[in-house]
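To keep things clear, I will list the structure first and then write my remarks on it.
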């Protein structure tokens, strides 16, 4: 018998919860691929979509005027009327070239001035192409006004340019919600099923480890991974696109925590019984797909029919996205968002309760 | 002194079509401080039994007592005092050896320092290596280290040496002998009879979910009544009936396997000349002949008519 006495003295140094979190963090940052998928992927998404939907300078319309020696005056009238307007890029070409350019899509519209004064101006365009129809209407307006038409109704137009109203501003909160969903489900669900397959859950079960420590460890480490994820996404959106948070940062942080906890709970539920990685991947895609489409990541969920709205609003990502947008874009305060928060809290509580009831350790 | 493990009429039935009875009325007593081996072919019910003892699986019927306590009532207390290794646990490959042990250490109220455990299992040089970089033998020693870190009174090791090379097996045997020398009780399962003979104070031979023999390896072999085994092959085995040998002096039993004969013999010096004489008279020519001491393998074969290794897994 040579049992060590010192072993009994060092009880306080080890915190099981701390060690479980530390182990998860180490496993995570020692896996470079995982870091890319968690941090790099949402960023690439912002960059790609930001570029695709950036605010382009108003595009010029290409309009060809058909050359006609017999209609010199009319040709010059069209040329002068359209050249004044920066919307148009006007070229005078002979009939054959005009036709070829229209066929190949190099011009949107051909204007054929009449040979005799008082004759009709002809517009040749492809009505199935939007730019053709648009050019026809714009060119017609310009020519009619140049010829002396006076519009009876005064109008004023305003182009939206400032931060807060652009597509990228709409997109960033949606991507934030999406990455909270993906991160929660994969970060919790996948990890647990992997540990079940490796029989680590069973091995842990044979130690005095408290089950609550284990589950809290998974949850807290998930919340920790999320911090850089959020910083990177919001920081990049701010630096590259000038996307700012209109409302309070604290409100945003609370919503993010609530969202992360909700999806961690759903991840736990999805993983509570799955025995293979294939099974859990399928289940997670099944859970995520409707929310990807319906919950307003890339476009507003209000585009779907009214009959579907109660279902869409009940999905956890919809209220999360709505609340994130309200805080980021409109500066709404949290108390006004109580219905969204209540739905999220309901999902969070429900999923944790059922997950713990169904959870299988071996 | 209470026994470290006592189980009575243990039954485990897995529901299904058809239901499978993995353990059918198993009785077992392991005394404190001994190294006890559950020996049997794959599918005999060894793993099911050990997982019931570990509290990972619930018995269908029967009574289990571990260190004088019972599962379902003293779970936390039992878990503090046992250390286990499962048949296949894949510890996190990204964690280091010392980190893995610190994690396991944190679960126990009292226990050994991770460094101390690393020294015990001779993994000092690998203390800061990732688990993914360890060899099979080193992984098994780490698995035993995880069992040891809570300073347990009872270790339950499920096939600790399966799949290891001879040198790694020897290292593990030394480690298990050390554990026993420290006064810990060890229960291990194995289907290697040489391992059970060398390592275990007592063994229980398990087959079809029941203990069919129990005792010290030496006694079990002695109970065969024949200490020696003579194995020989003939140049033309078809022409010889086994009956012709059973009447030889000092021969207790005769068995004919596919291509060789196997005699259980009490006194080698009497049986061997008689055998050779008989073969000469009947005109047979030996192709090969060996003698050896009887082993636990022979005990198993005598009791079941099957070899340990070809005992196929039951569904």
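Protein chains in written order, with this note's numbering: chain A, 29 to 390; chain B, 8 to 322. By construction, the Cβ of each residue, glycine as well, lies at the ideal position given by its N, Cα and C atoms.
- The continuous alpha helix (DSSP H) containing residue 125 of chain A extends over residues 123-131.
- Rounded to the nearest whole angstrom, the C-alpha separation of residue 343 of chain A and residue 125 of chain B is 50 Å.
- When the beta-carbon positions are compared, residue 288 of chain A and residue 355 of chain A stay at least 9 Å from each other.
- For residue 325 of chain A, no alpha helix (DSSP H) segment is defined, and its DSSP state is neither H nor E.
- In terms of beta-carbon proximity, residue 42 of chain A lines the interface with chain B, with at least one pair separated by less than 9 Å.
- With fewer than 16 neighbouring CB atoms inside 10 Å of its own CB, residue 143 of chain B falls in the exposed class.
- In terms of Cα proximity to residue 215 of chain B, the closest of B/162, B/31, B/153 is B/31.
- Look at residue 303 of chain A: its C-beta is not under 9 Å from any C-beta on chain B.
- The DSSP-derived three-state label of residue 268 of chain B is strand.
- Secondary structure note for residue 153 of chain B: its alpha helix (DSSP H) is the uninterrupted segment 143-155.
- Within the region 204-236 of chain A, 223, 225, 226, 227, 228, 230, 231, 232, 233, 234, 235, 236 place their CB atoms closer than 9 Å to a CB of chain B, listed in sequence order.
- The residues 351, 354, in chain order, have a CB closer than 7 Å to that of residue 365 of chain A in the same chain once the five nearest residues on each side in sequence are set aside.
- Annotated as proximal: residue 216 of chain A and residue 246 of chain A, with beta-carbon spacing under 9 Å.
- When C-beta atoms of the region 310-329 of chain A are compared with those of the region 202-222 of chain A, three or more pairs fall below 8 Å, so the two segments count as touching.
- The region 227-239 of chain B and the region 288-296 of chain B touch, with three or more beta-carbon pairs separated by less than 8 Å.
- Counted as a single uninterrupted DSSP element, the beta strand (DSSP E) harbouring residue 210 of chain B occupies residues 209-214.
- Under the three-state reduction of DSSP, residue 35 of chain B is assigned to strand.
- A straight line joining the alpha-carbon of residue 75 of chain B with that of residue 163 of chain B spans about 16 Å.
- Residue 197 of chain A and residue 66 of chain A have their alpha carbons spaced roughly 22 Å apart.
- Contact annotation: residue 299 of chain A and residue 383 of chain A have beta-carbon atoms nearer than 9 Å.
- Counting along the chain, residue 57 of chain A sits inside the alpha helix (DSSP H) bounded by residues 44-57.
- Nearest CB-CB separation between residue 199 of chain B and chain A: not below the 9 Å threshold.
- For residue 91 of chain B, the nearest beta carbon of chain A is closer than 9 Å to its own beta carbon.
- Residues of chain A whose Cβ lies closer than 9 Å to the Cβ of residue 29 of chain B do not exist, since the nearest Cβ in that chain is about 15 Å away.
- Look at residue 120 of chain B here: in three-state DSSP terms it is coil, with no helix or strand label.
- Bridge pairing for residue 103 of chain B: B/137 [DSSP].
- With respect to residue 153 of chain B, residue 182 of chain B sits apart: the two C-beta atoms are not nearer than 9 Å.
- In terms of beta-carbon proximity, residue 112 of chain B lines the interface with chain A, with at least one pair separated by less than 9 Å.
- By the neighbour-count criterion, in which a residue is buried when 16 or more other Cβ atoms sit within 10 angstroms of its Cβ, residue 263 of chain B is exposed.
- By the beta-carbon neighbour count (other beta carbons within 10 angstroms, threshold 16), residue 380 of chain A is buried.
- Using a 10 angstroms sphere on the CB of residue 89 of chain B, the tally of other CB atoms reaches 16 or more, which defines it as buried.
- Secondary structure note for residue 165 of chain A: its alpha helix (DSSP H) is the uninterrupted segment 158-174.
- Taking C-alpha positions only, residue 177 of chain A is separated from residue 170 of chain A by approximately 9 Å.
- Between the region 234-249 of chain A and the region 45-54 of chain A, the count of Cβ pairs shorter than 8 Å is three or higher; the stretches touch.
- Within the region 287-311 of chain A, not one residue has a Cβ closer than 9 Å to any Cβ of chain B.
- The residues 10, 11, 12, 43, 192, 194, in chain order, have a CB closer than 7 Å to that of residue 37 of chain B in the same chain once the five nearest residues on each side in sequence are set aside.
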